[in-house]
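Chains as they are written, first to last, in my numbering: chain A, 9 to 67; chain Z, 4 to 137.
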Amino acid sequence: MFRPSHFAAVVLFALFASTVFGITMRDNTRAMIRYGAYCFILFVGSAIVLSWVMFLIAR
Amino acid sequence: MSTAPNKPTAAKQPQGFVYLPLIAGWLFPGAGHFLLRKWGRGALLAISIIGMFALGLAMQGKLYTSTQDILDMLCVAGDLGSGLLYFVSRMLSLGGDPVQTTVAEYGTKFIVVAGLLNVIAAVDAHNLRTGRKT
Numbered sequence: 009m010f011r012p013s014h015f016a017a018v019v020l021f022a023l024f025a026s027t028v029f030g031i032t033m034r035d036n037t038r039a040m041i042r043y044g045a046y047c048f049i050l051f052v053g054s055a056i057v058l059s060w061v062m063f064l065i066a067r
Numbered sequence: 004m005s006t007a008p009n010k011p012t013a014a015k016q017p018q019g020f021v022y023l024p025l026i027a028g029w030l031f032p033g034a035g036h037f038l039l040r041k042w043g044r045g046a047l048l049a050i051s052i053i054g055m056f057a058l059g060l061a062m063q064g065k066l067y068t069s070t071q072d073i074l075d076m077l078c079v080a081g082d083l084g085s086g087l088l089y090f091v092s093r094m095l096s097l098g099g100d101p102v103q104t105t106v107a108e109y110g111t112k113f114i115v116v117a118g119l120l121n122v123i124a125a126v127d128a129h130n131l132r133t134g135r136k137t
């Protein structure tokens with residue numbers, strides 16, 4: 009059984025989803041890469057921010 | 004200053020069965036793009052969607068089979084988006100049931116989202132086929 013850490017699971021999820029979003033939502037290669045990177049950063053960044061928010065609320 | 008009159012351009016009409024890339028893309032991730040000779044895009048989509056589905060199974064994620072309530076029904080719809088991957092996995096009895104660990108819960112969501120992403124990819128192939136996207 010594959011047991012990634014929570015952060016590794018977030019990164020894998022963001023990587024795959026961003027790839028599909030980038031390819032399907034934009035028309036040319038450059039825009040696809042930019043949009044995919046943008047989505048990846050938003051996925052991972054929002055997960056980190058929300059994790060800190062929940063950590064601070066739980067204290 | 005006169006301008007040249009616009010020549011009526013013949014709209015490029017798609018030939019053949021326009022829904023073929025949509026159906027192929029649903030049945031197998033990336034196949035719709037492969038049919039349209041978009042090899043790079045198709046390969047990346049196939050790797051992403053199959054990878055996500057396979058990782059979900061490797062995490063002992065659950066393949067939804069029955070619809071007990073509305074949320075289960077939505078998850079079945081998401082799983083069905085994976086096309087043949089879902090049916091073959093069901094035939095081989097892959098996936099964990101019931102979900103007992105946190106990682107398995109993540110796996111279940113990976114499988115559902117892989118199906119939803121595959122639907123987006125199949126619709127993208129259809130848009131390429133009809134000329135709505137280049």
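For glycine and all other residues, C-beta sits at the position ideal for the given N, C-alpha and C.
Q) What's the C-alpha gap between residue 104 (chain Z) and residue 20 (chain Z)? A) Stepping through the second sequence from its first residue, residue 104 (chain Z) is reached at position 101. Stepping through the second sequence from its first residue, residue 20 (chain Z) is reached at position 17. Spanning the two alpha carbons is a distance of roughly 45 Å.
Q | As assigned by DSSP and simplified to three states, the class of residue 67 (chain A) | A | In the first sequence, residue 67 (chain A) corresponds to position 59, counting from 1. Coil.
Q | Best match in Z:41, Z:109, Z:88 and Z:84 for proximity to residue 11 (chain A) [C-alpha to C-alpha] | A | Residue numbering aside, residue 11 (chain A) sits at position 3 when the first sequence is read from its first letter. Ranking the options by Cα distance to residue 11 (chain A), first place goes to Z:109.
Q.
In whole angstroms, give me the CA-to-CA distance for residue 112 (chain Z) and residue 59 (chain Z).
A. Within the second sequence, the letter at position 109 stands for residue 112 (chain Z). Within the second sequence, the letter at position 56 stands for residue 59 (chain Z). Whole-angstrom Cα-Cα distance: 7 Å.
Q | Distance between residue 44 (chain A) and residue 131 (chain Z) (C-alpha atoms, nearest Å) | A | Taking the second sequence and counting its residues from 1, one reaches residue 131 (chain Z) at position 128. Taking the first sequence and counting its residues from 1, one reaches residue 44 (chain A) at position 36. So the two alpha carbons sit approximately 19 Å from each other.
Q: Could you check if residue 114 (chain Z) is buried or exposed, using at least 16 other CB atoms within 10 Å of its CB as the buried criterion?
A: Locating residue 114 (chain Z) in the second sequence gives position 111, where the first residue counts as 1. By the 10 Å Cβ count, residue 114 (chain Z) comes out buried.
Q: Could you name the residues of chain Z that residue 9 (chain A) contacts, counting a contact when the two beta carbons are closer than 8 Å?
A: Sequence index remark: in the first sequence, residue 9 (chain A) carries index 1 (1-based). The contacting residues are 61, 62, 63 and 106.
Q: Going by CA-CA distance only, name the one from Z:33, Z:53 and Z:54 that's closest to residue 3 (chain Z).
A: Only positions 4 to 137 of chain Z appear in the structure, and residue 3 (chain Z) is not among them; the question remains open.
Q. Is the Cβ-Cβ distance between residue 22 (chain A) and residue 63 (chain A) less than 7 Å?
A. For the purposes of this step, residue 22 (chain A) is taken as residue 14 along the first sequence, with counting starting at 1. For the purposes of this step, residue 63 (chain A) is taken as residue 55 along the first sequence, with counting starting at 1. Contact flag unset, no.
Q) Taking the alpha helix (DSSP H) that residue 51 (chain Z) falls in, what are its first and last residues? A) Locating residue 51 (chain Z) in the second sequence gives position 48, where the first residue counts as 1. It spans 42 to 61 - the alpha helix (DSSP H) in which residue 51 (chain Z) sits, taken as one unbroken run.
Q.
Can you tell me whether residue 24 (chain A) is helix, strand or coil according to DSSP?
A. If you number the first sequence from 1, residue 24 (chain A) lands on position 16. Helix at residue 24 (chain A).
**Q.** Any non-hydrogen atom of the ligand ADP within 6 Å of residue 137 (chain Z) CB
**A.** With respect to the ligand ADP, the structure shown offers nothing to examine, as it has no ligands at all.
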